[in-house]
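So in the working numbering, the last spot in the sequence shown is 456, and the numbers never skip.
Read through the structure below, which is laid out as structure tokens, and then see the notes.
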Amino acid sequence: MKSPYFQEEHHLFRQSVREFFQKELSPHFNEWEEARQIPRWVWKKMGEMGYLGLCHEESYGGTDADFWYSAAFLEELGRAGNGGFACAISVHEYMALNHISRAGTPVQKEQFLRSGIAGDTISALAISEPDVGSNVQGIRTSATLDGDHYVVNGSKTFISNGYYADYITTLVKTGDSLSLLVIPGKTEGVNRTKLRKMGWHSSDTAEIHFDGARVPKENLIGQEGMGFYYIMDSFQIERLSAGLLSIGAMDGMLEMTLRYMQEREAFGRSIRKFQALRHRMADLVTEVEACRQLTHHATWLFTQGEFAVKEASMVKLHAAELQKKVADECLQFFGGYGYMEEYPICQAYRDTRVGTIAGGTSEIMREIIAKMTMDDVSYAKVY
Ligand SMILES: Cc1cc2nc3c(=O)[nH]c(=O)nc-3n(C[C@H](O)[C@H](O)[C@H](O)COP(=O)(O)OP(=O)(O)OC[C@H]3O[C@@H](n4cnc5c(N)ncnc54)[C@H](O)[C@@H]3O)c2cc1C
Numbered sequence: 074m075k076s077p078y079f080q081e082e083h084h085l086f087r088q089s090v091r092e093f094f095q096k097e098l099s100p101h102f103n104e105w106e107e108a109r110q111i112p113r114w115v116w117k118k119m120g121e122m123g124y125l126g127l128c129h130e131e132s133y134g135g136t137d138a139d140f141w142y143s144a145a146f147l148e149e150l151g152r153a154g155n156g157g158f159a160c161a162i163s164v165h166e167y168m169a170l171n172h173i174s175r176a177g178t179p180v181q182k183e184q185f186l187r188s189g190i191a192g193d194t195i196s197a198l199a200i201s202e203p204d205v206g207s208n209v210q211g212i213r214t215s216a217t218l219d220g221d222h223y224v225v226n227g228s229k230t231f232i233s234n235g236y237y238a239d240y241i242t243t244l245v246k247t248g249d250s251l252s253l254l255v256i257p258g259k260t261e262g263v264n265r266t267k268l269r270k271m272g273w274h275s276s277d278t279a280e281i282h283f284d285g286a287r288v289p290k291e292n293l294i295g296q297e298g299m300g301f302y303y304i305m306d307s308f309q310i311e312r313l314s315a316g317l318l319s320i321g322a323m324d325g326m327l328e329m330t331l332r333y334m335q336e337r338e339a340f341g342r343s344i345r346k347f348q349a350l351r352h353r354m355a356d357l358v359t360e361v362e363a364c365r366q367l368t369h370h371a372t373w374l375f376t377q378g379e380f381a382v383k384e385a386s387m388v389k390l391h392a393a394e395l396q397k398k399v400a401d402e403c404l405q406f407f408g409g410y411g412y413m414e415e416y417p418i419c420q421a422y423r424d425t426r427v428g429t430i431a432g433g434t435s436e437i438m439r440e441i442i443a444k445m446t447m448d449d450v451s452y453a454k455v456y
């Protein structure tokens with residue numbers, strides 16, 4: 074489809090990403106799902122392809138490409154059909170490394186960003202805690218300065234990449250305010266447990282306990298006390314990324330469903346001839362198209378330097394909710410085969426469910442949109 078946003082070079086890039094995923098990675102997806110882990114060679118290969126530094130500075134190995142390259146990349150990542158892999162890569166590049174890229178010192182960038190872009194190290198972003206998820210300001214994990222180290226105590230949970238991460242960008246309480254600290258995964262006093270979950274099996278999700286973990290004070294990102302604002306600021310890129318991944322995932326599900334409808338017969342006819350299914354498919358492609366336009370518009374606002382919190386929240390809300398509907402309806406078109414593990418729509422359905430929870434729930438998105446629409450609340454950029 075023609076687009077005012079994606080130019081010829083973005084289309085070519087998209088095509089090359091799609092071919093790379095199809096040829097080099099998707100044959101291994103089932104192994105990763107079984108192993109509940111993405112092997113290190115994949116991270117390295119993604120780094121060599123330049124895919125982990127699309128939005129990061131050239132001086133640290135990134136490409137610093139315009140954001141439409143990232144948009145095409147994220148859509149293809151979603152379309153590839155492994156939600157866990159998509160989660161792992163997007164958390165690493167657009168969430169954890171994003172903070173170092175934006176507020177890190179040159180020394181931090183040399184240490185954490187360069188290796189992350191190269192795929193030599195894996196990064197996680199740890200905000201949620203066992204007792205606190207949506208209410209970010211209520212986190213309790215503390216970091217107390219002791220000489221030239223912070224001593225960290227507390228727990229984080231549901232942390233994507235958290236089990237294997239070399240570096241964990243962590244939101245901590247420093248006195249009465251919040252700060253961001255990069256905690257190396259191998260630090261003494263950092264204990265990690267892998268969590269079992271419904272979907273996203275390729276991605277590791279961890280509960281992390283900090284028991285007097287000593288972290289050099291040089292690992293503080295930006296200014297002490299600014300952590301909450303850095304996190305809030307980054308929600309915009311996180312929500313857009315989630316929306317772009319969803320658009321790709323929905324395209325992938327619709328494509329596999331249309332292929333199946335071509336092949337499957339019932340009552341002596343191809344099931345694609347049944348009007349009941351045709352109309353539902355027509356509704357789905359229409360809704361996905363409307364969602365795509367909203368997502369691309371919000372992405373365009375972002376590329377123009379706008380702090381489009383309302384639009385980005387609408388994208389996260391609408392895309393995640395619609396993806397749930399698309400997964401459910403597409404699975405129905407497959408009949409009993411849709412419920413069988415060897416059919417990719419089955420994994421797509423499981424992987425989809427978390428979309429309205431992770432990265433901010435649908436209820437929280439509605440709260441933000443309602444406040445901005447009805448109470449004249451507005452948010453200012455920090456970075
Ligand atoms: C697979 C997975 C991966 C994740 N990855 C990460 C990660 O990498 N890093 C990280 O920090 N976190 C991660 N999370 C955590 C995720 O961001 C939280 O689960 C989410 O923010 C919700 O927090 P909670 O689970 O504590 O739910 P709660 O905050 O306890 O909410 C429970 C319910 O109450 C609703 N609710 C809460 N407050 C309100 C309100 N004000 N108005 C209306 N309804 C409300 C919620 O919408 C929800 O339905 C991940 C979660 C999952 C499942």
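Just so it is clear, CB atoms sit at the ideal spot from N, CA and C, and this is done for glycine as well.
Please name the residue, chosen from the options, that lies closest to residue i on a Cα-to-Cα basis.
i	options	result
residue 128	161, 172 and 454	172
residue 319	405, 308, 398 and 219	398
residue 245	286, 236 and 267	286
residue 224	262, 353 and 79	262
residue 273	453, 108 and 78	108
residue 60	185, 432 and 327	The question about residue 60 has no answer, for the chain in this structure spans 74 to 456.
residue 284	259, 100 and 417	259
residue 316	305, 256 and 392	392
residue 432	169, 191, 359 and 447	169
residue 117	453, 187 and 217	187
residue 409	102, 333 and 79	333
residue 440	387, 276 and 138	387
residue 83	102, 91, 141 and 93	141
residue 100	115, 270 and 86	115
residue 270	182, 76, 420 and 445	420
residue 445	423, 384 and 427	384
residue 396	429, 368, 415 and 417	429
residue 77	242, 102 and 366	366
residue 456	296, 95 and 412	296
residue 343	165, 363, 407 and 299	407
residue 230	221, 103 and 213	213
residue 453	415, 414, 394 and 380	380
residue 215	200, 248, 199 and 192	248
residue 417	330, 335, 302 and 97	330
residue 303	159, 174 and 321	174
residue 422	437, 435, 404 and 434	404
residue 123	110, 268, 137 and 415	137
Tell me whether residue i counts as near ligand 1, meaning its Cβ is closer than 6 Å to at least one heavy atom of that ligand.
i	result
residue 427	yes
residue 144	no
residue 434	yes
residue 198	yes
residue 281	no
residue 231	yes
residue 176	no
residue 206	yes
residue 278	yes
residue 314	no
residue 430	yes
residue 163	no
residue 440	yes
residue 319	no
residue 201	yes
In the DSSP assignment, the beta strand (DSSP E) including residue i goes from what residue to what residue?
i	result
residue 279	278 to 289
residue 222	222 to 233
residue 257	250 to 257
residue 270	Neither: residue 270 is in no beta strand (DSSP E) and is coded neither H nor E.
residue 245	240 to 247
residue 194	Segment: none, residue 194 is in no beta strand (DSSP E) and carries neither H nor E.
residue 216	215 to 219
Got a sec, what are the start and stop residues for the alpha helix (DSSP H) residue i sits in?
i	result
residue 310	300 to 336
residue 465	Given a span of 74 to 456 for the chain in the structure shown, any question on residue 465 remains unanswerable.
residue 387	382 to 406
residue 422	417 to 425
residue 484	Because residue 484 is not part of the residues shown, which for the chain are 74 to 456, the question remains open.
residue 458	Residue 458 is absent from the structure shown; the chain starts at 74 and stops at 456.
residue 498	No information on residue 498 is available, as it lies outside the stretch 74 to 456 that the chain covers here.
residue 441	435 to 447
residue 131	Run containing residue 131: none; DSSP gives neither H nor E here.
residue 169	It is not in any alpha helix (DSSP H) - residue 169 carries neither H nor E in the DSSP assignment.
residue 119	113 to 121
residue 162	156 to 163
residue 107	102 to 108
Subject >> At least three beta-carbon pairs within less than 8 Å, the segment 131 to 142 to the segment 239 to 257 >> reply: no
Original post:
Does the count of Cβ pairs from the segment 141 to 152 and the segment 171 to 187 closer than 8 Å reach three?
Top reply: no
Original post:
Would you say the segment 203 to 223 touches the segment 232 to 240, given that touching needs at least three Cβ pairs under 8 Å?
Top reply: no
Original post:
How about the segment 372 to 387 and the segment 305 to 313: do they share at least three Cβ pairs that are nearer than 8 Å?
Top reply: yes
Original post:
For the 8 Å Cβ check, are there 3 or more pairs between the segment 286 to 299 and the segment 340 to 359?
Top reply: no
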